[in-house]
Amino acid sequence: MQLLILQDSDGGSSVSPSDVVTGLDGCGNDDSVCAWVRSVTGNETAADVTSFFMENVASMVVIVLVALVGLWLIKRVIRHGMTRLAQGAQVLRPDQRAVDLTEREKAERHQRELRVEKRTQTLGGVLVAISRVFVWGVAFILILGELGINLAPLVAGAGVAGVALGFGAQKVVGDFLSGMFMIAEDQFGVGDIIDLGEATGTVERITLRTTVLRDIYGTVWHVPNGEVQRVGNMSQEWSKALLDVGVAYGTDTDVASEVLMACATELSTDPEWADAFLDDPELLGVETLAPDAVTIRISVRTRPAEQFRVQRELNRRFKRVLDEAGIEIPFPQRTVWVRSDDDPVTPDS
Numbered sequence: 001m002q003l004l005i006l007q008d009s010d011g012g013s014s015v016s017p018s019d020v021v022t023g024l025d026g027c028g029n030d031d032s033v034c035a036w037v038r039s040v041t042g043n044e045t046a047a048d049v050t051s052f053f054m055e056n057v058a059s060m061v062v063i064v065l066v067a068l069v070g071l072w073l074i075k076r077v078i079r080h081g082m083t084r085l086a087q088g089a090q091v092l093r094p095d096q097r098a099v100d101l102t103e104r105e106k107a108e109r110h111q112r113e114l115r116v117e118k119r120t121q122t123l124g125g126v127l128v129a130i131s132r133v134f135v136w137g138v139a140f141i142l143i144l145g146e147l148g149i150n151l152a153p154l155v156a157g158a159g160v161a162g163v164a165l166g167f168g169a170q171k172v173v174g175d176f177l178s179g180m181f182m183i184a185e186d187q188f189g190v191g192d193i194i195d196l197g198e199a200t201g202t203v204e205r206i207t208l209r210t211t212v213l214r215d216i217y218g219t220v221w222h223v224p225n226g227e228v229q230r231v232g233n234m235s236q237e238w239s240k241a242l243l244d245v246g247v248a249y250g251t252d253t254d255v256a257s258e259v260l261m262a263c264a265t266e267l268s269t270d271p272e273w274a275d276a277f278l279d280d281p282e283l284l285g286v287e288t289l290a291p292d293a294v295t296i297r298i299s300v301r302t303r304p305a306e307q308f309r310v311q312r313e314l315n316r317r318f319k320r321v322l323d324e325a326g327i328e329i330p331f332p333q334r335t336v337w338v339r340s341d342d343d344p345v346t347p348d349s
């Protein structure tokens, strides 16, 4: 708002009523809206504020439009990235093509694909939410700048705080990113038996920062996702039980193999155990010629996490059928001589 002062030729000054009206016009060249606001409200401050916004509204609209377009592009990139991650998690190895799977395995694979899809959608939603906060935060700061608000102290303070937070939360950010990829790629899920190196057990909970698993002794391990260098999943899609049975060197290995295979086949057809088997037991043959035994190996493909239960039951039955067949299972033997202090000491003792 300006006041126009006119000077006379003699050095004095005079103010005309029309000049006052013109001088109070804070609308600049665009006085249509401002004049209307002044005429309606009778408030010069309201007219000045309206003039200020009219002069900056174009730039603010551009900022909002750029933010909307940028957010739309970010959403497309995130959606594409999550789709690629889901497809990568569902890639089949050559020996696991859908044509080679049973109906039950196909159903299990379909459930796993649905789980991957839900996980990627969840992660995509998290990333979109973070991106939305970031984009609109930047747009808000730019709009404040257009309104003439001094942002230098705010930007400087935010920069210092950001650097400090970045150094302090660097490990947390690493855990967060690693957890996102673990979940998106479906490396493991709750209930899987995994080996993380120092910790091995059943997964009880997965978050973006940590993985919680319980080992066979009941110990609960909290492992930061950023510290996981490699993951061994022992229960994803299917598992395998390998049984090495040692027999004496004097045993006919063909006979021993037939006895063991008959026992394994009997278990696979047992109604109480058949559901744990995905394939018929397979005789791999003589695995090793150890110093004290001939080792025969049998392989069994089982449902996820069933390999340990099947292996224990087969070991129990193998011992029984080998005893019934008179086949010796060698074991270390030791001869112990007991001598009292009263026994004479001889060179041969």
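The end of the sequence shown is residue 349 by my numbering, with every number in the run present. Where is the CB? At the ideal position from N, CA and C, for every residue including glycine.
C-beta contact flag for residue i and residue j at 7 Å
i    : j    : result
A262 : E306 : no
S59  : E117 : no
L243 : L322 : no
A184 : V259 : no
A67  : V135 : yes
W221 : L213 : yes
F318 : V245 : yes
A161 : I63  : no
Closest residue to residue i among the options (Cα-Cα distance)
i    : options                : result
I298 : A290, A264, T269, G326 : A264
D254 : E237, R119, E266, L284 : L284
Q187 : S268, V64, R119        : R119
D215 : E113, L289, E204       : E204
T269 : L289, V310, T288       : V310
Y217 : G201, P224, I296       : G201
T211 : S235, W238, D175, E287 : D175
A158 : I143, G137, V172       : G137
E237 : E113, R312, T219       : E113
A241 : R312, E227, P224, E266 : R312
W273 : I141, R334, F308       : F308
D252 : E266, V294, L267       : V294
S239 : H80, D192, G226        : D192
N56  : I143, L151, N150, S340 : I143
Q333 : P271, D292, R316, S340 : D292
G189 : G226, S235, S257, N43  : S235
R132 : T83, A169, R76         : R76
A256 : R320, I206, P271       : R320
F331 : F167, R316, A290, I206 : A290
L267 : V163, R316, V336       : R316
Limits of the alpha helix (DSSP H) - the one that residue i falls within
i    : result
V310 : 307-324
T269 : 253-269
Supposed close pair residue i, residue j - CB separation, criterion 8 Å
i    : j    : result
A248 : E198 : Contact doesn't hold; Cβ gap of about 39 Å is too wide.
E287 : I296 : 7 Å
K171 : G226 : 6 Å
Extent of the continuous beta strand (DSSP E) run through residue i
i    : result
I183 : Run containing I183: none in the beta strand (DSSP E); it sits in the alpha helix (DSSP H), 170-184.
R209 : Neither: R209 is in no beta strand (DSSP E) and is coded neither H nor E.
P224 : 220-224
V294 : 294-302
T288 : 282-289
D352 : The chain is shown from 1 up to 349; residue 352 falls before or after that span and cannot be answered.
G246 : 239-247
Cutoff 7 Å: residue i Cβ touching any chain D Cβ
i    : result
E306 : In the displayed structure, chain D is absent; only one protein chain is listed.
Proximity test, residue i beta-carbon vs the ligand HEM heavy atom, cut-off 6 Å
i    : result
E198 : Questions concerning the ligand HEM fall outside what the structure shown contains, since it holds no ligand whatsoever.
Quiz item: Would you say the stretch 302-318 touches the stretch 266-284, given that touching needs at least three Cβ pairs under 8 Å?
Solution: yes
query: Between the stretch 119-131 and the stretch 172-185, do three or more beta carbon pairs fall short of 8 Å?
result: yes
For the stretch 128-147 against the stretch 66-81, do three or more pairs of beta-carbon atoms, one drawn from each stretch, fall closer than 8 Å, so that the two count as touching?
yes
Exercise for the section: Evaluate the contact criterion for the stretch 231-241 versus the stretch 189-198: three or more CB pairs, one atom per stretch, below 8 Å. Expected result: yes
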